[in-house]
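So the sequence shown is numbered by numbering that gives the first Met the number 0: it starts at 0 and just counts up by one.
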Amino acid sequence: MKNTTIRSGLVDSINELTKVLHATSDIDQKFQLRLDIKSLFKSLDKVIATELIAGTPAFEDALQSLNLLSVEAKEATDDINKVEALISKTSDVIEKIEDVVKGISGALNIT
Numbered sequence: 000m001k002n003t004t005i006r007s008g009l010v011d012s013i014n015e016l017t018k019v020l021h022a023t024s025d026i027d028q029k030f031q032l033r034l035d036i037k038s039l040f041k042s043l044d045k046v047i048a049t050e051l052i053a054g055t056p057a058f059e060d061a062l063q064s065l066n067l068l069s070v071e072a073k074e075a076t077d078d079i080n081k082v083e084a085l086i087s088k089t090s091d092v093i094e095k096i097e098d099v100v101k102g103i104s105g106a107l108n109i110t
């Protein structure tokens, strides 16, 4: 099921990345996944503190990227060879979320 809010997309992505974290045995991947999950939690904190404007191109792009990230994380849980690509994708998704909350969080002085 596709998420319709960035908040729910972040929660789903965090949950799916956590499953990947438990599925992989590579220490470097585990480390990077922990960092990415922590970054997603920080993004979630910012999203909770702000009132996002749905329907903007940046919002829709971030939401679509989060939905895709959750799907790719599910695939990586089953195929550990996909974890590296997932890690790269996660950084891009975090940037897109930051683009959405950047202006709003700056006005609220949220870091």
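Backbone N, C-alpha and C fix where the C-beta goes; we use that ideal spot for every residue, glycine too. Nothing here was measured: the structure is a model prediction, and the numbers come from that model.
The region 50-65 makes no contact with the region 22-33; the number of CB pairs closer than 8 Å stays below 3.
Considered as a whole, the region 13-58 harbours 26-48 as its complete alpha helix (DSSP H) runs of no fewer than 4 residues, in chain order. For D77, the secondary structure class from DSSP, reduced to helix, strand or coil, is helix. Under the three-state reduction of DSSP output, T4 falls in the coil class, being neither helix nor strand.
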